[in-house]
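With positions in the sequence shown counted from 1, the corresponding number in the numbering used here is that position plus 5.
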Amino acid sequence: MGLTLTEKILKNHIVDGEMIKGSEIGIRIDQTLTQDATGTMAYLEFEAIGVPRVKTERSVAYIDHNTLQNGFENADDHRFIGSVAKKHGIYFSRPGNGICHQVHLERFGIPGKTLIGSDSHTPTGGGIGMIAIGAGGLDVAVAMGGGAYYITCPKVVKVELTGKLSPWVAAKDVILEVLRIMSVKGGVGKVIEYCGEGVKTLSVPERATITNMGAELGATTSIFPSDEVTKQFLRAQGREEVWTPLAADEDAVYDEEIKINLSELVPLAACPHMPDNVKSVKEIGNIKIDQVCIGSCTNSSLLDMMKVAHILKGKTVHPDVSLSIAPGSKQVLNMLAQNGLLSIMIDAGARILESACGPCIGMGQSPNSKGISLRTFNRNFLGRSGTKDGQIYLVSPEMAAISAITGVLTDPRDIGEMPDFKLPEKFVINDNMIVPPADEKDMDSVEILRGPNIKPYPETAPLVKDIKCKVSLKVEDNITTDHIMPAGAKILPLRSNIPAISQHCFTVCDEKFPERAKSLGQSIIVGGANYGQGSSREHAALAPLYLGIKAVLVKSFARIHRANLINAGILPLTFVNEADYDKINEGDDIEIMNVRADIEADKTELTVVNKTTGANIPVLCELTGRTKDIILAGGLLDYTRENLK
Ligand code: MIC
Ligand code: SF4
Numbered sequence: 006m007g008l009t010l011t012e013k014i015l016k017n018h019i020v021d022g023e024m025i026k027g028s029e030i031g032i033r034i035d036q037t038l039t040q041d042a043t044g045t046m047a048y049l050e051f052e053a054i055g056v057p058r059v060k061t062e063r064s065v066a067y068i069d070h071n072t073l074q075n076g077f078e079n080a081d082d083h084r085f086i087g088s089v090a091k092k093h094g095i096y097f098s099r100p101g102n103g104i105c106h107q108v109h110l111e112r113f114g115i116p117g118k119t120l121i122g123s124d125s126h127t128p129t130g131g132g133i134g135m136i137a138i139g140a141g142g143l144d145v146a147v148a149m150g151g152g153a154y155y156i157t158c159p160k161v162v163k164v165e166l167t168g169k170l171s172p173w174v175a176a177k178d179v180i181l182e183v184l185r186i187m188s189v190k191g192g193v194g195k196v197i198e199y200c201g202e203g204v205k206t207l208s209v210p211e212r213a214t215i216t217n218m219g220a221e222l223g224a225t226t227s228i229f230p231s232d233e234v235t236k237q238f239l240r241a242q243g244r245e246e247v248w249t250p251l252a253a254d255e256d257a258v259y260d261e262e263i264k265i266n267l268s269e270l271v272p273l274a275a276c277p278h279m280p281d282n283v284k285s286v287k288e289i290g291n292i293k294i295d296q297v298c299i300g301s302c303t304n305s306s307l308l309d310m311m312k313v314a315h316i317l318k319g320k321t322v323h324p325d326v327s328l329s330i331a332p333g334s335k336q337v338l339n340m341l342a343q344n345g346l347l348s349i350m351i352d353a354g355a356r357i358l359e360s361a362c363g364p365c366i367g368m369g370q371s372p373n374s375k376g377i378s379l380r381t382f383n384r385n386f387l388g389r390s391g392t393k394d395g396q397i398y399l400v401s402p403e404m405a406a407i408s409a410i411t412g413v414l415t416d417p418r419d420i421g422e423m424p425d426f427k428l429p430e431k432f433v434i435n436d437n438m439i440v441p442p443a444d445e446k447d448m449d450s451v452e453i454l455r456g457p458n459i460k461p462y463p464e465t466a467p468l469v470k471d472i473k474c475k476v477s478l479k480v481e482d483n484i485t486t487d488h489i490m491p492a493g494a495k496i497l498p499l500r501s502n503i504p505a506i507s508q509h510c511f512t513v514c515d516e517k518f519p520e521r522a523k524s525l526g527q528s529i530i531v532g533g534a535n536y537g538q539g540s541s542r543e544h545a546a547l548a549p550l551y552l553g554i555k556a557v558l559v560k561s562f563a564r565i566h567r568a569n570l571i572n573a574g575i576l577p578l579t580f581v582n583e584a585d586y587d588k589i590n591e592g593d594d595i596e597i598m599n600v601r602a603d604i605e606a607d608k609t610e611l612t613v614v615n616k617t618t619g620a621n622i623p624v625l626c627e628l629t630g631r632t633k634d635i636i637l638a639g640g641l642l643d644y645t646r647e648n649l650k
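Rendered as structure tokens:
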């Protein structure tokens with residue numbers, strides 16, 4: 006029986022467990038990446054693990070999220086990360102060099118290798134045939150220390166692409182179509198593998214847009230084969246020698262199949278406030294817009310920018326619209342400057358931002374009150390733009406650019422003929438903003454620069470005998486990590502200070518939550534389906550840990566967040582019967598007696614007794630050997646320290 010591409014790469018990297026779907030496997034990690042908003046914690050954890058030099062083939066620390074330096078905190082964090090990187094064998098991509106996923110694809114990604122990153126959009130690397138997975142910072146720290154990364158051996162979904170995209174229909178429309186079909190929870194436990202004749206019509210940046218936003222499906226990752234198109238991209242990046250051809254076997258067996266005829270796709274948009282709320286422009290209508298933001302790791306490649314410049318050429322941004330453009334990397338920005346396209350954008354009235362995440366993470370450019378904002382980004386969760394009433398639509402760069410001119414949501418096919426946009430034979434290569442680490446012999450002399458905002462990892466404790474406490478919060482379905490631990494320019498500078506950032510935990514849903522949880526000392530949270538979707542930020546687990554949360558009981562979890570809860574020593578529980586969600590409310594007193602003994606004895610079904618109503622609620626606590634030991638130890642940090650001894 007033939008293998009899928011996913012299975013081939015995983016088989017080459019498996020170090021623990023067996024390739025049985027649904028079971029836990031440990032894989033060897035070749036490369037890691039971190040960004041600054043999750044990186045400070047990840048490096049504090051790496052320091053706590055105590056391994057002197059990273060053991061991966063390549064580890065890179067990027068500065069791209071917290072680039073608004075509105076006080077000393079972010080600049081201090083940049084210096085901390087830069088110094089840790091230098092000492093411990095990590096390449097350091099300086100602020101200004103670009104968004105981690107864009108730069109990693111350009112300069113470091115290698116087909117067939119494994120990459121984990123402390124950012125949920127790490128699957129961008131799947132665009133050149135990597136198994137690239139988003140993870141919590143602690144998992145990345147462990148991988149840097151040479152430890153395996155554990156995932157559930159995934160199901161593999163075949164997405165067969167046929168045909169060719171029509172003019173002005175974009176890669177963004179492909180992934181929006183997949184989101185429409187599968188929904189934001191449809192990818193959990195799965196890898197999305199693209200194949201078929203249509204693949205070769207898509208360039209690497211287009212493939213990367215698709216794998217990037219596969220994160221919004223909840224998928225473990227997404228992957229494209231590595232073919233002649235990949236080779237040409239790597240050649241243009243001066244890295245042809247890392248190329249290898251990779252594809253699934255002809256007779257590979259998949260768990261699910263989806264067919265998409267690229268020729269039939271039309272321009273789409275994800276409407277507020279979920280990436281799977283997808284409609285065609287026709288269905289939405291020509292609504293009046295206030296803002297357009299072009300950029301983010303989904304759509305900031307040179308190819309995207311070439312299309313945008315073509316559309317803006319000789320035009321002026323509509324008087325009622327603010328247009329911002331953030332090219333994804335220094336390489337992209339520099340090439341736009343050299344070939345004159347930047348001048349076209351400036352001339353049209355675009356507000357050029359630095360090569361960083363910027364508005365995508367609420368670092369500036371919040372829309373006006375009730376503002377309608379078209380963004381080429383990947384997430385439109387409530388509040389993420391920095392305002393509670395912003396109406397965010399996720400669209401292709403083509404649709405964004407033309408709408409910025411017309412002032413209303415516009416079908417890009419109205420532009421008329423589309424030129425044949427071609428990537429250059431050679432990109433401009435200058436890695437002068439990537440600082441290599443110090444030689445091993447010099448590492449002792451590198452001083453770690455620790456600013457006053459950097460506080461240690463919160464205290465953990467081994468799992469208690471019984472849990473007896475109150476429910477401090479009850480929330481609905483599809484709670485994102487942006488609800489649990491909001492981002493934005495005000496809160497992000499606190500990413501290295503858990504006590505301070507905890508004061509903002511869940512405030513989008515309930516402003517009183519942090520105070521209430523803290524005063525209760527211990528409590529649990531109750532939630533609905535797909536709890537914790539979105540970002541990889543482990544702060545969404547560390548802040549609850551700091552606030553005394555002992556367990557989270559929900560209908561279902563998103564993958565990375567569940568792993569982060571376990572890593573933080575918080576018990577992840579799911580209802581056996583989803584209807585029992587109605588039998589437990591905020592303020593109820595609950596008990597889970599003998600929880601430690603039951604978990605030690607590998608019991609997977611526990612009982613939550615609601616002392617307020619008298620209801621007995623059966624819950625699942627599905628922990629395998631390793632995750633069980635992590636929970637018993639009080640989290641991955643304690644567990645790793647124990648096991649590295
Ligand atoms: C995001 O897009 O939500 C982020 C910000 O990049 C996060 C990481 C973070 O919260 O720092 C992610 O995707 O993991
Ligand atoms: Fe940055 Fe946005 Fe990409 Fe997250 S999704 S890495 S915030 S650009």
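From the three backbone atoms N, C-alpha and C, an ideal C-beta is built for every residue, glycine too.
What you are looking at is a predicted structure, and each value in this text was computed from that prediction instead of being measured.
Residue from the options with nearest C-alpha to residue i
i, options, result
"I472", "A556, V59 and N71", "A556"
"H544", "P230, P100, A241 and A140", "A140"
"I4", "V189, R567, N615 and F580", "Nothing about residue 4 can be reported from this structure: the residues present for the chain run from 6 to 650 only."
"I68", "E23, A409 and G87", "G87"
"A80", "Y551, N599 and L497", "L497"
"I622", "D593, D585 and T632", "D585"
"M135", "P210, S374 and F229", "F229"
"K523", "L251, A53, P549 and N502", "P549"
"N483", "M24, P272 and F386", "F386"
"A257", "C158, K588 and T9", "T9"
"F562", "L308, A224 and G130", "A224"
Any non-hydrogen atom of the ligand MIC closer than 7 Å to residue i Cβ
i, result
"R384", "yes"
"Q370", "no"
"A42", "yes"
"R564", "no"
"G139", "yes"
"A606", "no"
"A568", "no"
"R542", "yes"
"I459", "no"
"H488", "no"
"A66", "no"
"H323", "no"
Residue span of the alpha helix (DSSP H) that contains residue i, given as start and end
i, result
"P504", "I503 to I506"
"A602", "V600 to E605"
"K495", "G493 to I496"
"T9", "Where T9 is concerned, there is no enclosing alpha helix (DSSP H), given that its DSSP letter is neither H nor E."
Three-state secondary structure (DSSP) of residue i
i, result
"F97", "strand"
"L181", "helix"
"F511", "coil"
"L414", "coil"
"S285", "strand"
"A175", "coil"
"N648", "helix"
"E445", "helix"
heavy atom of the ligand SF4 below 7 Å from residue i C-beta
i, result
"D587", "no"
"H126", "yes"
"H18", "no"
"I439", "no"
"H109", "no"
"D82", "no"
Residue i, enclosing beta strand (DSSP E) - first and last residue
i, result
"V624", "N621 to L625"
"L399", "Q396 to L399"
"V145", "That residue, V145, is in no beta strand (DSSP E); its alpha helix (DSSP H) goes G142 to M149."
"G139", "I136 to G139"
"K633", "Run containing K633: none in the beta strand (DSSP E); it sits in the alpha helix (DSSP H), G630 to A638."
"T167", "K160 to T167"
"V614", "E610 to N615"
field: Entirely enclosed alpha helix (DSSP H) segments - the region 321-387, minimum 4 residues
entry: 335-343 and 346-353
query: At which residue ranges does the region 14-43 contain complete beta strand (DSSP E) runs of 3 or more residues, listed in the order of the chain?
result: 19-21, 29-32 and 36-39
query: Considering only residues of the region 63-131, which uninterrupted alpha helix (DSSP H) runs meet the minimum length of 4 residues and lie entirely inside it, listed in chain order?
result: 77-93 and 105-112
- prompt: What are the complete alpha helix (DSSP H) segments, minimum 4 residues, inside the region 192-263?
  reply: 209-217 and 233-241
Length at least 4, wholly inside the region 517-597: the alpha helix (DSSP H) runs in chain order: Scanning the region 517-597 from its first residue to its last, the whole alpha helix (DSSP H) runs of 4-plus residues come out as 518-525, 544-551 and 564-572.
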